[in-house]
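Visitor: The following block contains the structure, expressed as structure tokens.
Protein chains in written order, with my numbering: chain E, 45 to 446; chain R, 45 to 446.
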């Protein structure tokens, strides 16, 4: 789906930066930030030993990061030791914040995450956006963004960027929603509708969900396939810790992998696509239910109550998912498959037939399938964290903007 | 399939090298080599302006590369010009050479390619290797390698490394053939059977074929799916100019994407896999022919002669390829699909139904499908060039070994 510039540009600690003294300095600033972020609080000496630079070189970098408000000194550590006491460094809780937003079919949400990864402000508005024209929906989102940014500023933070998760395909400009069938939006330029004083990046919600899983999930592998669903089936391919975007930004369309080539026509132009068997509406139809507001809640509730029609519909959806995933696993050889979003809530009834189909069709050991613990929060958190990661990846870039 | 260390380690100009002064020097040596290789002959000043370093810095790097025998000076250029004449630099035709080898089902081949990309020596032996035990086959290959290395040395070259293409899955150690069904080899350590004085890397032939297409094909995109066939169907996924290996090195198993989930059993454990419809043996069976030595030649000859059974069998194989590729294209969003290896020779009869199926099942503009011009030479050339690329990616590394 799409490359939000925050996530796509640096691709690891400042990898795209020019290979000059200046570029090296920027990359090393990024190394210091990542090291303190993942292992801090740490002394300057500990940072130096971890990244393989001299203490003097690290001190210069650290001083610059403290001046920019990205690192903080927590005061002398182990004061009883001989020699000059080292001061423990931590990532700042008062510097830049990542603003994440989500335009869901049934809700709007915005949150602010600080460099430490903590959610510091949040606002949600429930109500359907399906068939709503973009202008009022985005206007409402802009008001939520303002509220969250104000709250964050009251806590001493400032917005380093806004990333917006949408349920649709986003162009590589990371502004334009090419199509979001469940909102009925086409070629919608969110950049024009959502003016901000800070960088904006729009991305597909399945992609942000996968990034959240990569960054926040426990024991998530660096090569995995993340499968989620709101109404359609979305997937994201993560290879060596990086999201695979595709040429047009449309990679991850697992929902349109043919499962039965002579099956029912699909809106995509194909036949027998996975979405015709495992999309929420297909499952509701197969279970003899009407699509309402809380479709996943309805299915999960009925399945938990032992409704045999619902259980059978979910079992068959699991089989179709297993067939489509067999192809994807054979093509990509991921370390694992993670079910996220709405699929996570239905996992108890989808997983047995899905795993059986996948195991039955695989020669060697089957690819393990796990269930996300982030659930429906994934895309929103992934969006906010993509901004935070961009700051860690190029701290000099954000300091210049501040 | 697998990561030959040559191709996998540097992944672009020395990207994995440490970010120190020393690492920067090595990366800049690589930049100079790549620039002269792709755009040379060039003067020092032209190299400096292209890579954005000072002329003095470039001269130091160039002198080191000349001393290592990786660059050559062609003598003064444009002697009529005012000022000190610049000497044009070219990649050396007398330095390191990449040795490529292929263990095919029906042949063994070895070649030596110099840094300029020219094939300088080659040896081929025809005869089936199917069911042959690894020892004699690899022994014969070793003799061909020695002959080619001797010939290359007689021309002033020296072997920088050997890359071997095999029709099977290779472990991430880039030595062990996990399984090559058409040779009937399992867990075969080629490193032990093929001792050399220079680095050895074993890789899957479809992967090397895709790399050849990437490096040598005309107008090949940087994101593409390369589909080839000897007896099975192999594919390789290239993303942003890099081969996707998968967790175990098994990515690209397009042949085992389910096309019809209730179709015939496949040796892989699945049912209705693409190989059951479009593998050479399936096509021969569908056309009522016996598998012989030159299967592709037989099919192509009969199809060209107007044999309706063969044409129908190839048309149906094309349809199955189109269905499997629809799923792959939806998942990966590549810029194009390239048919290589044996499939290239059958393209006139496969392509119409393949392209029609792909276009019919895709909502937007269909992913373009093209035919490789390298044909069956691809894997051998890709193997040799993978060694050459490794030298360009880290010239300091090879100079240390020389």
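Even for Gly, the Cβ is constructed at its ideal location relative to N, Cα and C. Bear in mind that the values here come from a model prediction, so they are computed numbers and not experimental data.
Which one or two residues does DSSP pair with residue 283 of chain E in a beta bridge?
Guide: E/286
Visitor: Give a yes or no on whether 8 Å exceeds the smallest Cβ distance from residue 367 of chain E to chain R.
Guide: yes
Visitor: At the level of alpha carbons, what is the spacing between residue 18 of chain R and residue 188 of chain R?
Guide: One cannot answer for residue 18 of chain R here, as it falls past the ends of chain R, which runs 45 to 446.
Visitor: Rounded to the nearest angstrom, what separates residue 385 of chain R and residue 378 of chain E at their Cα positions?
Guide: Using only the alpha carbons, I get a separation of about 26 Å.
Visitor: Roughly how many angstroms separate the alpha carbons of residue 456 of chain E and residue 344 of chain E, rounded to a whole number?
Guide: There is no way to answer for residue 456 of chain E, as the model of chain E reaches only from 45 to 446.
Visitor: Taking 7 Å as the cut-off, is the C-beta of residue 391 of chain E nearer than that to any heavy atom in the ligand GDP?
Guide: The ligand GDP is absent from the structure shown, which contains no ligands of any kind.
Visitor: Among all the DSSP beta bridges, which residues are the ones paired with residue 333 of chain R?
Guide: Residue 333 of chain R pairs with nothing; no bridge assigned.
Visitor: Check each candidate in E/104, E/83, E/100 and name the one with the smallest Cα separation from residue 94 of chain E.
Guide: Residue E/83 is the option with its Cα nearest to residue 94 of chain E.
Visitor: Who are the near neighbours of residue 418 of chain E in its chain, counting only those whose CB is closer than 6 Å to its CB and skipping five residues on each side?
Guide: 256
Visitor: Find the nearest neighbour of residue 234 of chain E within the set E/250, E/213, E/79, judged by alpha-carbon distance.
Guide: E/213
Visitor: Of the residues E/338, E/288, E/218, which one's Cα is nearest the Cα of residue 236 of chain E?
Guide: E/218
Visitor: For a test of the three-state rule: what should DSSP assign to residue 138 of chain E, helix, strand or coil?
Guide: DSSP places residue 138 of chain E in the coil class of the three-state scheme, outside both helix and strand.
Visitor: Could you check whether residue 193 of chain R and residue 203 of chain R sit closer than 8 Å to each other, using their CB atoms as the reference points?
Guide: yes
Visitor: Measure the CB-CB distance between residue 440 of chain E and residue 73 of chain E and report whether it falls below 8 Å.
Guide: yes
Visitor: So which residues on chain E does residue 372 of chain R lean against when the C-beta distance must stay under 7 Å?
Guide: 375
Visitor: Could you tell me whether the segment 137-145 of chain E touches the segment 421-430 of chain E, using the rule of 3 or more Cβ pairs below 8 Å?
Guide: yes
Visitor: Just verifying my parser: in three-state terms, what is the DSSP assignment at residue 87 of chain E?
Guide: coil
Visitor: Residue 320 of chain E to residue 366 of chain E, Cα distance in whole Å?
Guide: 14 Å
Visitor: Three Cβ pairs or more, each shorter than 8 Å: is that satisfied between the segment 311-326 of chain E and the segment 400-409 of chain R?
Guide: The way I'd put it, the segment 311-326 of chain E does touch the segment 400-409 of chain R; three or more beta-carbon pairs between them come closer than 8 Å.
Visitor: Any idea which residues DSSP pairs residue 312 of chain R with across the strands?
Guide: Per DSSP, none; premise fails for residue 312 of chain R.
Visitor: Which of helix, strand or coil does DSSP assign to residue 104 of chain E?
Guide: helix
Visitor: Based on DSSP bridge pairs, tell me the residues matched to residue 253 of chain R.
Guide: Per DSSP, none; premise fails for residue 253 of chain R.
Visitor: Using the beta-carbon of each residue, which ones in chain R are nearer than 8 Å to residue 267 of chain E?
Guide: Near residue 267 of chain E (Cβ distances below 8 Å), the residues of chain R are 290, 291.
Visitor: Measure from the C-beta of residue 296 of chain R to each C-beta in chain E and report whether the shortest distance is under 8 Å.
Guide: yes
Visitor: Out of curiosity, what's the CA-to-CA distance linking residue 411 of chain R and residue 402 of chain R?
Guide: 8 Å
Visitor: Out of E/392, E/232, E/171, which has the shortest C-alpha to C-alpha gap to residue 215 of chain E?
Guide: Of the listed residues, the one whose Cα sits closest to residue 215 of chain E is E/232.
Visitor: What residue range does the beta strand (DSSP E) around residue 232 of chain E cover?
Guide: Residues 229-233.
Visitor: Give the secondary structure of residue 435 of chain E by DSSP, where H, G and I count as helix, E and B as strand, and everything else as coil.
Guide: helix
Visitor: Given that residue 407 of chain R touches chain E, what residues does it touch there, using C-beta distances under 7 Å?
Guide: 312, 313
Visitor: By Cβ distance below 6 Å, which residues in the same chain neighbour residue 436 of chain R in space, the five residues on each side in sequence not counted?
Guide: 77, 78, 81
Visitor: Got a sec: is the Cβ-Cβ distance from residue 300 of chain R to anything in chain E below 8 Å?
Guide: yes
Visitor: Return the residue from the list E/279, E/280, E/165 that minimises the CA-CA distance to residue 201 of chain E.
Guide: E/165
Visitor: Leaving out the 5 sequence neighbours to the left and right, which residues in its chain are closer than 7 Å to residue 442 of chain E when beta-carbon positions are compared?
Guide: 140, 204, 435
Visitor: Is the Cβ of residue 303 of chain E closer than 8 Å to any Cβ of chain R?
Guide: yes
Visitor: What in chain R is Cβ-close to residue 281 of chain E, meaning under 8 Å?
Guide: 375, 376
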